[in-house]
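*Asks:*
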Amino acid sequence: YFKLLSTLEWEPRTLPSGVKQFGYTDEDTETELMMLPSDMALLADKGFAPWVKKYGEDKELFFKDFAAVFAKLMELGIKRNERGEVTNLDNEKGGYISAPKKADTPGYKKHSGDDGQPVAEAEGLEKKNAQYRSRL
277 YFKLLSTLEW EPRTLPSGVK QFGYTDEDTE TELMMLPSDM ALLADKGFAP
327 WVKKYGEDKE LFFKDFAAVF AKLMELGIKR NERGEVTNLD NEKGGYISAP
377 KKADTPGYKK HSGDDGQPVA EAEGLEKKNA QYRSRL
């Protein structure tokens, strides 16, 4: 996304409905791409334009930064105790019921079943989900 946004020549266009967009057509393949004015605003913003360039050159930097802020956003306003359980006042019977906190790093730990075979993460949550539902 950032590479395309920062390296292609985007032409403004207005649809018959009056909607404004920006388009790019690859002359060799005749493939058409579209960006919205909100996408182009990232290039025009003096504070964000350098990040468009950085992320266009280094997608791993984008993935790293995105993962950190997305996790923070998902936890915004959530209070947890030392066991990772949500302790907000609305976490009472009939109130907000949180999912278990995900790991801070990507991936999942494989757990072995009785036969030594790996089991899916969801299988291990089945019992916990039943406990959460019983609180309703």
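Using the numbering used here, the letters of the sequence shown map in sequence onto residues 277 to 412.
The beta carbon of each residue, even a glycine, is placed where N, CA and C say it ideally should be.
(1) For Gly299, does the three-state DSSP call read helix, strand or coil?
(2) Quick check on the burial criterion: 16 or more other C-beta atoms within 10 angstroms. Buried or exposed for Leu337?
(3) Determine the direct distance from the alpha carbon of Asn364 to that of Ala320, and round the result to whole angstroms.
(4) Count the C-beta pairs between the segment 300-310 and the segment 344-355 that are closer than 8 Å, then say yes if the count reaches three, no if not.
(5) Going by beta-carbon coordinates alone, are Asp334 and Leu281 separated by less than 8 Å?
(6) Is Phe278 close to chain D, meaning its C-beta is less than 8 Å from at least one C-beta of that chain?
(7) Contact defined as beta carbons within less than 8 Å: I believe Gln297 pairs with Leu318. What is the distance between those atoms, to the nearest angstrom?
(8) Using 8 Å for Cβ pairs, my map puts Thr290 next to Gly332. What's the rounded Cβ distance?
(9) Express the C-alpha separation of Lys340 and Ala347 in angstroms, rounding to a whole number.
(10) Which residues in the same chain as Trp286 place their Cβ atom closer than 8 Å to its Cβ, once the five residues preceding and following it in sequence are excluded?
(11) Look at the Cβ atom of Val345, then the Cβ atom of Phe278, and state whether they are nearer than 8 Å.
(12) Using three-state DSSP, classify Thr307 as helix, strand or coil.
(13) Considering Cα atoms alone, identify which of Ala343, Ala406, Glu402 and Pro288 is closest to Leu309.
*Replies:* Put simply:
(1) strand
(2) exposed
(3) 41 Å
(4) no
(5) no
(6) As a matter of chain content, chain D is missing from the structure shown, which is built from one protein chain.
(7) Contact flag wrong, Cβ pair sits at about 15 Å.
(8) Not quite, the Cβ-Cβ distance comes to about 27 Å (not below 8 Å), so this is no contact.
(9) 11 Å
(10) Phe298, Gly299, Tyr300, Met311 and Met316
(11) no
(12) coil
(13) Pro288
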